[in-house]
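Okay, so here's the structure we're looking at.
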Amino acid sequence: MAVTFLGVRHHSPACARLVADTIRSLRPAYVLVEGPAEMNNRMDELLLGHELPIAVYTSYRDAERRHGSWTPLCDYSPEWTALVAGRDVGAELRFIDLPAWHPALAGVRNRYADAEARYTEVTGRLCRTFAVDNVDALWDHLFEIEPADGLAERLATYFDLVRGDTPTGPDDTAREAYMARWVRAAVADAGDRPVVVVTGGFHRPALVRLAERGDRDWPEVPRPPADAVVGSYLVPYSFRRLDAFDGYQSGMPSPGYYQRLWESGPAEAARGLTEAVTARLRARRQPVSTADLIAARATADGIASMRGHPHPARVDVLDGLASALVSEAIETPLPWAARGPLPAGSHPVIVEMIAALSGDRVGRLHPSTPMPPLVHAVLAVLGGPGEERLDLGEDAGRERSRLLHRLRVLRIPGVVRTSGPSPAGGAEPVERWTLTESDDRLPALIEAGGYGVDPQEAAAAALAARIPGAGLDELAEVLFDTALCGVGDLTGQVLDDLTRAVEAAADLGALGRVLAVALAMWRHDDLFRTSGGTTVGTVVRAATRRALWLAEGVHGGPAPADLRRVDAMTAVRDALRHAGPSLGLDTPAALGVADRLAACRDAPPD
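Note that UniProt numbering gives residue 119 to position 119 of the sequence shown, counting from 1, and the numbers run on in steps of one.
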C-alpha cells in the first residue's frame with residue numbers, strides 16, 4: 001500500500017512544513033485532508049487567492065437542532081499547505097471527513113477540537129518528564145524549535161502514545177470509519193502512485209489500521225435531512241479569533257508568533273516577538289529602555305539554554321520579557337502557563353505581551369468568493385458609518401429602525417442603538433443609532449446567513465432560537481425585540497409561550513418585566529402596531545393578576561427593598577391606570593391587596 005499517513009497538530013508550522021515537503025517529494029496521485037467532504041466540489045473557490053486566515057463556516061438548522069461550526073485555515077495550517085502543495089504537484093485533492101453539519105460533529109465547538117484533553121494523564125506525564133508547564137510548551141519543546149530531521153517519526157511516536165489503545169466514542173468512530181473509506185478508495189484508484197493522508201494526529205493510528213481492510217468504493221457525501229437548512233461559506237477570519245488566549249481551544253495559541261515562526265524560523269520569531277512587545281508598550285507610553293530590551297533578550301537566551309533549546313521558544317521569550325519588564329510581584333499566574341482567556345486583573349505589561357503574541361492580522365476573501373444572500377441584502381441598504389436619527393412616527397423611519405433592530409438581534413458588529421423606546425422609559429418616538437465600520441462585520445453577516453436569506457427572515461429565526469428553554473426575563477426580551485424588528489408571525493408564538501409561563505410564574509421581579517413589556521406593546525400602536533391586541537391584552541391581564549397574587553406572599557424584612565419587586569408593582573399600577581377598564585382588570589381587588597400589604601408592613605413585630 002503506497003500511502004503515507006501524516007498525523008499533525010492543527011495550525012502547527014512544523015507540521016505544515018513537513019506536509020508540504022512530503023507532498024513535493026512524493027508527488028502523490030491523491031492528497032487526502034481531514035476536512036468537510038461537502039467542500040470537495042468547491043476546491044477552486046477555496047483556492048481562489050484569499051488572504052489568510054479564512055474559515056469554512058457551516059450552519060445547520062432544523063426543527064430539533066441548530067449548529068454552527070468553523071474550519072479555520074491560516075498560512076501555517078498543515079491542511080492548507082497540503083492543499084497548496086498538492087495542487088502544485090498536480091495531485092487530486094479531497095476532504096475526507098464527514099460534513100461539518102453531521103451529528104458526529106455537533107458536539108464539537110469548532111471543527112478542529114484537539115484530543116489532548118481526553119488524555120490528560122499521558123500529556124501530564126510527558127510535561128513532568130520534560131519539565132514544562134503545559135501541552136503547548138511541550139509541543140514547542142518537542143517539535144517547533146527542534147531540527148526537522150526525524151520530525152515525522154517523532155510525531156508518529158507522540159500521537160501513538162497520546163492515542164494509545166483508548167477506545168473512542170461513537171462520534172470519533174464514525175468519523176474515522178468514513179475517512180478510512182476515502183483512503184482505501186484513493187489507494188485503489190492511484191495504482192502504483194503514492195497517496196498522502198493528512199489528518200489530526202489523534203486519528204492517524206486508527207486510520208493506519210482501518211485502511212488495511214474494507215471495501216474500496218468511493219464513499220458518498222451524506223446529505224442533510226430534507227427539512228434542514230444547511231449552508232457552507234468561506235468567511236474572513238482573524239488571528240484574534242484563532243488565538244487560544246481569546247478562548248479558541250483548538251490548534252496552537254499565539255498566532256502572531258507562529259506566523260513569524262513559519263515565515264522566518266525560531267530565532268527570527270523570538271527577536272520579532274521581543275520587538276513587537278516593545279513597540280506596543282512604547283506606543284502606550286509604557287517605559288521600555290534599550291537596557292530593558294537587552295536584558296529581555298539575554299534572559300530569554302539564558303532560559304532557552306537552561307531548558308536545552310537550540311533557539312528561544314515562545315515561553316522562553318515570554319519568561320524573559322516578564323523578568324525584564326515587570327518589576328512588581330504578579331498576583332495572578334502567568335497566562336502562558338495554562339490555556340484560555342486572560343484572567344481578570346492581569347498586569348498591563350502581560351496584557352500587551354499576549355496581544356503582541358496574538359497579532360492583529362485579519363483575513364480577506366477574494367472578490368469572486370460567493371456570499372450568502374443575506375450579505376448582499378444587507379450591504380445594499382445598510383449605508384456607511386455615521387449617526388442616524390429616526391422618526392418612528394414616519395413610515396420611512398420605522399422601516400429603517402426595523403432593519404437596524406434586525407441586525408442588532410443578529411449581533412452584527414458596528415450597529416448600536418444609543419436611545420429609543422424601552423418598556424421602562426415609555427414609547428419615545430425617536431431613535432438614535434451609531435453605525436461604525438468593523439472588520440468583524442462581514443464574517444458576522446456570512447454566519448448570520450445561516451438564519452435566512454434576508455434580514456427579516458434571519459432575525460425571526462434568530463429570535464425563535466432564543467425561545468426554547470427561556471425564562472420569563474428572556475421571553476420578555478424576545479417579545480420586545482420581535483416588536484422592534486417588526487416580526488409579526490413570531491410575536492404570536494412568543495405571546496403564547498409567555499401566557500403559559502406567566503400563569504406558572506413564581507418570580508415577582510421577572511413577572512414585572514414581562515408585564516412592563518406587554519403593557520408597552522398594548523398601549524403604543526403607533527410604534528408596535530399591537531395596541532389593543534387580544535393576545536397581548538391576555539398577557540397583560542394574566543401578568544397583573546399573577547403579580548398581585550405573588551405580592552401577597554411577600555413578607556418584608558430588614559433587608560433593603562427589592563428593586564425588581566418594586567418595579568413589578570409599578571408595572572401593576574401602570575396596567576391598572578392605562579388598561580384597567582379596557583381589559584377588565586379588577587382595580588378594587590388590587591387596592592385591597594395593597595391595603596393588606598401596607599397593613600402587614602405597619603404591624604408591630606411580635
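Where is the CB? At the ideal position from N, CA and C, for every residue including glycine.
| task | Return the first residue and the last residue of the alpha helix (DSSP H) that T499 is part of. | result | G488 to E503
| Tell me the DSSP bridge mates of Y158? | DSSP, once it has assigned bridges, lists no residue as partnering Y158.
| query | Nearest-angstrom Cα distance between A226 and A174? | reply | 22 Å
| query | Looking at the structure shown, is S254 part of a helix, part of a strand, or coil, going by DSSP? | reply | coil
| message | Closer than 8 Å is the cut-off here; do at least three beta carbon pairs connect the segment 442-455 with the segment 360-375? | response | yes
| field | Residue interval of the alpha helix (DSSP H) (run including L210) | value | R204 to L210
| task | Counting only the same chain and skipping the five closest in sequence on each side, list residues whose C-beta sits under 8 Å from that of L591. | result | none
| Distance CB(E431)-CB(L475) smaller than 8 Å | No, the Cβ-Cβ distance between E431 and L475 is not below 8 Å.
| Integer Cβ distance of L357 from G256, believed to fall under 8 Å | 6 Å
| Hey, out of D165, L142, G164 and P167, whose CA is closest to L155's CA? | Of the listed residues, the one whose Cα sits closest to L155 is L142.
| task | Pick out whichever of V230, R441 and V416 has its Cα sitting closest to the Cα of T434. | result | V416
| task | Under the assumption that E388 contacts G414 (Cβ atoms under 8 Å), give the Cβ distance between them as a whole number of angstroms. | result | The Cβ separation is near 12 Å, so there is no contact.
| task | Kindly indicate which three-state DSSP category G320 falls into: helix, strand or coil? | result | In the structure shown, G320 sits in a helix (DSSP, three-state: H, G or I).
| R66 - containing beta strand (DSSP E), residue span | R66 to L73
| task | Please go through the segment 367-436 and give each complete beta strand (DSSP E) segment of 3 or more residues, from N-terminal end onward. | result | 386-391, 415-419 and 430-435
| request: For R500, count neighbouring C-beta atoms within 10 Å of its own C-beta (all shown protein chains included) and say buried if the count is 16 or more, exposed if not. | output: exposed
| task | Check each candidate in R209, A148, A37 and L403 and name the one with the smallest Cα separation from W101. | result | Selected option, being the one with the closest Cα: A37.
| Is there contact here, the segment 129-148 with the segment 59-77, by at least three beta-carbon pairs under 8 Å? | no
| query | Any idea what DSSP makes of R361, helix, strand or coil? | reply | R361: coil per DSSP, three-state reduction.
| task | Could you check what DSSP says for R193 in three-state terms: helix, strand or coil? | result | Coil.
| Which one of E121, A344, V33 and H203 has the shortest CA to CA distance from D171? | H203
| said: Taking the alpha carbon of E79 as the reference point, which residue from P99, V31 and R42 has its own alpha carbon closest? | reply: V31
| message | Counting C-beta neighbours from all protein chains within 10 Å, is the total for W70 16 or more, i.e. buried, or is it exposed? | response | buried
| task | Inspect the CB distances between the segment 232-241 and the segment 189-206 and report whether three or more fall short of 8 Å. | result | no
| Out of C74, L403 and A599, which has the shortest C-alpha to C-alpha gap to Y237? | Taking only the C-alpha atoms, the option nearest Y237 is C74.
| query | With a CB to CB cut of under 6 Å and the five nearest residues on each side skipped, what residues in its chain are close to L273? | reply | Excluding sequence neighbours, L273 sits near Y257 and V317.
| query | Quick one, are the C-beta atoms of P370 and E45 less than 8 Å apart? | reply | yes
| field | Same chain, Cβ closer than 8 Å to I303, five either side skipped, listed in chain order | value | P312, D316, D319 and G320
| task | Return the CA-CA distance between C127 and L138, expressed in angstroms with no decimal places. | result | Approximately 6 Å, taken between the alpha carbons.
| Just how far apart, CA to CA, sit G584 and A444? | 46 Å
| said: Taking the straight line between their C-alpha atoms, what separation do you get for E212 and L379? | reply: 52 Å
| field | Nearest residue (CA-CA) to T168, options D160, F159, A338 and A206 | value | A206
| Where D140 sits in the DSSP three-state scheme | helix
| query | Three or more beta-carbon pairs under 8 Å between the segment 568-582 and the segment 536-552, yes or no? | reply | yes
| For G7, the residue or residues it bridges with in DSSP | T199
| Residue range of the alpha helix (DSSP H) that includes V122 | T120 to F130
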